[in-house]
């Protein structure tokens, strides 16, 4: 069994690529406020929030477990709207010798964007699990960040594909119904529900 591997997924955000990318390029310090149920604390350990080589500390919850890690920005590709983070310490490294997470935002013709999350990893042991929970965590956190940052709403599809839509689309689909996911939404298998208030 191979010790190295790659996982990836893609989420759709109904905001322009520049705006979606901007959240991760310059506003990651807002993540504990945006997705507080998943990310509880973020601090600068060395450097700042945006410069490659700077180290940040995070406390977060995955599958009911409160964990911590330290990461650094390894690479920024402004032209392709891509950022690669490398885990340098924390609970992740109890199972994996290394882990890198890349977020890339691509513009769509309709003015929305696709956010791809890629995890490159190397296991410490052959029986270490593939990091699917981390992939799902990253996809949900990134989607919520982009959605809240620009006043959109979150959707969850039965095929596990995430999407963020505008308030107008949400109202058109749910006919004014607010709160819990609603099964009558014809486009989303499991319905639509509000995200959080836009960032100030």
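Numbering (this note's numbering), first residue to last: 53 to 252. Every residue, glycine too, gets a C-beta built ideally from N, C-alpha and C. All values derive from a computational prediction rather than experimental measurement.
Under 8 Å between C-beta atoms of residue i and residue j
i: residue 167; j: residue 60; result: no
i: residue 95; j: residue 106; result: no
i: residue 102; j: residue 164; result: no
i: residue 104; j: residue 125; result: yes
i: residue 197; j: residue 119; result: no
i: residue 69; j: residue 190; result: no
Residue(s) in a DSSP beta bridge with residue i
i: residue 113; result: 118
i: residue 59; result: 171
i: residue 93; result: 111
i: residue 124; result: 107 and 138
i: residue 98; result: 107
Which listed residue (the options) has its alpha carbon closest to that of residue i
i: residue 127; options: 186, 121, 120 and 138; result: 138
i: residue 148; options: 163, 180 and 165; result: 180
i: residue 187; options: 68, 169 and 177; result: 169
i: residue 109; options: 103, 102 and 121; result: 121
i: residue 100; options: 172, 87, 54 and 79; result: 79
i: residue 88; options: 74, 157 and 112; result: 112
i: residue 135; options: 141, 155 and 151; result: 155
Start and end residues, beta strand (DSSP E) containing residue i
i: residue 142; result: 134-142
i: residue 177; result: Premise fails: residue 177 is in no beta strand (DSSP E) and is neither H nor E.
Delimiting residues of the alpha helix (DSSP H) encompassing residue i
i: residue 88; result: Neither: residue 88 is in no alpha helix (DSSP H) and is coded neither H nor E.
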